[in-house]
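Remarks on the structure that follows.
In our numbering, the protein residues as written are 9 to 71.
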């Protein structure tokens, strides 16, 4: 089950975790995951379930 938005293709990004102060100077990689929510979409008269990020859900409500 991929963590990718079915509408815009947004996917997890990786980067360095923010540094804490003090003696802890280790750099640690982490992943930021998209906020995916289930969404029911009607296309060509068929009802399908897709995984959409929160921005795509808001845009879909306007249409």
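Ideal Cβ placement from N, Cα and C applies to all residues, glycine included. Keep in mind the model is a prediction, meaning the values are calculated, not measured.
Sheet register partners of residue i (DSSP bridge)
| i | result |
| --- | --- |
| residue 23 | 38 |
Residue i versus residue j - alpha carbon distance
| i | j | result |
| --- | --- | --- |
| residue 28 | residue 36 | 11 Å |
| residue 26 | residue 19 | 20 Å |
| residue 64 | residue 15 | 7 Å |
| residue 17 | residue 31 | 39 Å |
Residue i at chain B interface by Cβ criterion, 8 Å
| i | result |
| --- | --- |
| residue 20 | The question asks about chain B, but that chain is absent: this structure has only one protein chain. |
CA nearest to the CA of residue i, picked from the options
| i | options | result |
| --- | --- | --- |
| residue 48 | 30, 69 and 42 | 69 |
| residue 33 | 39, 24 and 41 | 24 |
| residue 66 | 43, 30 and 22 | 43 |
| residue 39 | 62, 22, 12 and 46 | 22 |
| residue 51 | 62, 61, 71 and 41 | 71 |
Nearest-angstrom Cβ-Cβ length linking residue i and residue j, presumed shorter than 8 Å
| i | j | result |
| --- | --- | --- |
| residue 57 | residue 46 | 6 Å |
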